[in-house]
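Asker: The following block contains the structure, expressed as structure tokens.
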Amino acid sequence: MTLIPDWISIDTLGDVESPGLLIHPATIATNIQQMIEIVGGDKHIDRLRPHIKTHKMPDVVRLQVAAGIRRFKAATLAEAEMASRAGATDVLIAYPMVGPNIDRLIRLRNDQNQTRFAVVADNVENCRVLASAAAANPNSLDVFIDVDSGMHRTGIPFGPGLDQLRQEIESSAHLCYAGLHLYDGQLHQPSLDQRRECAGQIIAMASSYNDRLPSPEIVGGGSPTFPIWAAETDFQCSPGTPLLWDDGYGGNYPDLKFKIAAALLTRVISKPGPGRLCLDLGYKSVASEMPLANRVRFPQLPEARLVSHSEEHLVIESDQSDAWSVGQPLIGLPTHICPTVALHVGAVVIDAGRPNGQIWPITARDRIRIPAQATGNRTSSN
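Count the sequence shown with the UniProt record's numbering and you get residues 1 to 382, in order.
Shown next as structure tokens:
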């Protein structure tokens, strides 16, 4: 049975609005220390390049910076900017920069010049556009080649095309070849042996390439394969989910000992029939890309079955429904914490078992910065 994390005391949450996201900094700090230990301790801390996409919070970045971590990976420019302002000195934006985002990247480099920003690319055309945009800056733009290691969504496979792309970058006056980026998000085998075997094949290709043509940096792996890349290479590792952890990874990967540091607060809002409870946990509050039955678990109702889900409602069935009254709180453990966090504007901080009055803003959930004049009060007209 999945237990409520020991940092949550349900009796202290009466004044916390629901649906809401709860977060426990002490558990995050413990997870950070475990990540550092996995890469070999403080002496090897520069091998860590944690992903920001899981939490999107400056306060979580600050916890990592306080632990000695300076390098980070981002999926969006909003995440990259947030990390820089929170103390990151090196951010890899591991997502293709196209369209207006290229100009925004250049502005970000100019505005936050205390931070090194690097990007990924997987084709010559994109590199030429990046080079043209970077020409006005005296410092060349660092570019990692995004390698398709089997996920087949972005990236270029090892081979002549990759070599040609590297030559394009190295011959540019405005770009600098920074290395390789390999994300193995297709590897999610519960068996550690099977995961290690599959990751080992990718590691072997990256190592062989690096032996032939050394790269300044190689960033490899995801969260499920993080300890494998850490143990079998001296490359950088970019885990993200371990910072907050979630019920999905906790159930699928028992070899990973991270602790859940974020959870959802929900309440019963109706009892629509025998054996049923309706909760205020719609799919605007919890990640719902997976089948209905697997979206969230309720430790207080371990046998609960999810019946229907809509924007602001979740109906569950439980043999224990008679014991629950309207307004009563439950803790939900989302299967996928990363997109769940992005559905909330802030996280209620839990300290010593109770809310401490702080709410950590989830700053980088907003992709577009809205001008201040556009957020003022408006007068409606009829």
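Ideal Cβ placement from N, Cα and C applies to all residues, glycine included. This structure is a prediction, so every number in the text was calculated from the model and none was measured.
Can you give me the C-alpha to C-alpha distance between T27 and P58, rounded to a whole angstrom?
Answerer: By 1-based counting over the sequence shown, the position of residue 27 is 27. By 1-based counting over the sequence shown, the position of residue 58 is 58. Using only the alpha carbons, I get a separation of about 16 Å.
Asker: To the nearest angstrom, report how far apart R276 and L21 are at their CA atoms.
Answerer: Residue 276 sits at position 276 when you count from the first residue of the sequence shown. Residue 21 sits at position 21 when you count from the first residue of the sequence shown. Cα to Cα, R276 sits roughly 24 Å from L21.
Asker: Report all residues from its chain with a CB closer than 8 Å to the CB of T54; omit the five preceding and five following residues, and keep chain order.
Answerer: Here residue 54 corresponds to residue number 54 of the sequence shown, with the count starting at 1. Excluding positions up to five away in sequence, the list reads G240, T241, L243, L244, I337, C338, V341.
Asker: Taking the alpha helix (DSSP H) that S208 belongs to, which residues open and close that run?
Answerer: Against the sequence shown, residue 208 aligns to sequence position 208. Segment 192–212, the alpha helix (DSSP H) holding S208.
Asker: Which of the three DSSP states, helix, strand or coil, is assigned to G248?
Answerer: Within the sequence shown, the letter at position 248 stands for residue 248. G248 falls in the helix class under three-state DSSP.
Asker: Among P299, L213, D122, which residue has its Cα nearest to the Cα of L182?
Answerer: Locating residue 182 in the sequence shown gives position 182, counting from the first residue. Closest option to L182, Cα to Cα, is D122.
Asker: Going by beta carbon distance, what residues of the same chain come within less than 8 Å of A287, once the five residues before and after it are set aside?
Answerer: Along the sequence shown, read from residue 1 onward, the residue named residue 287 stands at position 287. Same-chain partners within the cutoff: R295, P334, T335, H336, I337, C338, P339, T340, L343.
Asker: Please say whether A178 and L187 have beta carbons closer to each other than 8 Å?
Answerer: In the sequence shown, counting from the first residue as 1, residue 187 sits at position 187. In the sequence shown, counting from the first residue as 1, residue 178 sits at position 178. No, they are not a contact pair.
Asker: The beta strand (DSSP E) that contains P361, what's its start and end?
Answerer: Numbered from its first residue, the sequence shown carries residue 361 at position 361. 354–361 is the span of the beta strand (DSSP E), which, as asked, contains P361.
Asker: Under 8 Å, do F72 and R49 count as touching if we go by C-beta distance?
Answerer: Here residue 72 refers to the residue found at position 72 when the sequence shown is read from its first residue. Here residue 49 refers to the residue found at position 49 when the sequence shown is read from its first residue. Taking 8 Å as the Cβ cut-off, F72 and R49 qualify as a contacting pair.
Asker: How many angstroms separate the CA atom of V91 from the CA atom of S140?
Answerer: Here residue 91 is taken as the residue at index 91 of the sequence shown, counted from 1. Here residue 140 is taken as the residue at index 140 of the sequence shown, counted from 1. For V91 and S140, the distance between alpha carbons rounds to 15 Å.
Asker: Buried or exposed: which applies to S223, given that a residue is buried once 16 or more other Cβ atoms fall within 10 Å of its Cβ?
Answerer: Against the sequence shown, residue 223 aligns to sequence position 223. S223 should be labelled buried.
Asker: Less than 8 Å between the C-beta atoms of I52 and A364, yes or no?
Answerer: Within the sequence shown, residue 52 is the residue found at index 52, counting from 1. Within the sequence shown, residue 364 is the residue found at index 364, counting from 1. A contact, by the Cβ cut-off of 8 Å.
Asker: Out of G248, R166, F226, I228, which one is the CA nearest neighbour of residue 420?
Answerer: In the structure as shown, the chain starts at 1 and stops at 382, and residue 420 therefore has no counterpart that could be examined.
Asker: Quick one, which of R196, S238, D142, A352 has its alpha-carbon nearest D255's?
Answerer: For the purposes of this step, residue 255 is taken as residue 255 along the sequence shown, with counting starting at 1. Comparing Cα-Cα distances from D255 to each of R196, S238, D142, A352, the minimum goes to R196.
Asker: Can you check DSSP and say which residues form a bridge with Q236?
Answerer: As a position in the sequence shown, residue 236 is number 236, starting the count at 1. For Q236, which the question treats as bridged, DSSP gives the partners V219.
Asker: Where are the alpha helix (DSSP H) runs, 4 residues long or more, that stay fully inside the stretch 84–159, in chain order?
Answerer: Within the stretch 84–159, the complete alpha helix (DSSP H) runs of at least 4 residues are 100–111, 124–134.
Asker: Alpha carbon to alpha carbon, what distance is there between V349 and L264?
Answerer: Translated into positions along the sequence shown, residue 264 becomes position 264. Translated into positions along the sequence shown, residue 349 becomes position 349. In a straight line, the C-alpha of L264 is about 12 Å away from that of V349.
Asker: Find the nearest neighbour of L77 within the set S9, S308, A118, S207, judged by alpha-carbon distance.
Answerer: Translated into positions along the sequence shown, residue 77 becomes position 77. When only C-alpha atoms are compared, the closest one is A118.
Asker: Any idea if P291 is buried or exposed, counting beta-carbon neighbours within 10 angstroms, 16 or more meaning buried?
Answerer: The residue you call residue 291 lines up with position 291 of the sequence shown. By the 10 Å Cβ count, P291 comes out exposed.
Asker: Can you find the residues in the same chain that come closer than 7 Å, C-beta to C-beta, to K284, ignoring five residues on each side of it along the sequence?
Answerer: Looking up residue 284 in the sequence shown gives position 284. Cβ neighbours of K284 beyond the five flanking positions: E311, E312, L343.
Asker: Hey, could you find the ends of the alpha helix (DSSP H) P58 is sitting in?
Answerer: Numbered from its first residue, the sequence shown carries residue 58 at position 58. Segment 58–66, the alpha helix (DSSP H) holding P58.
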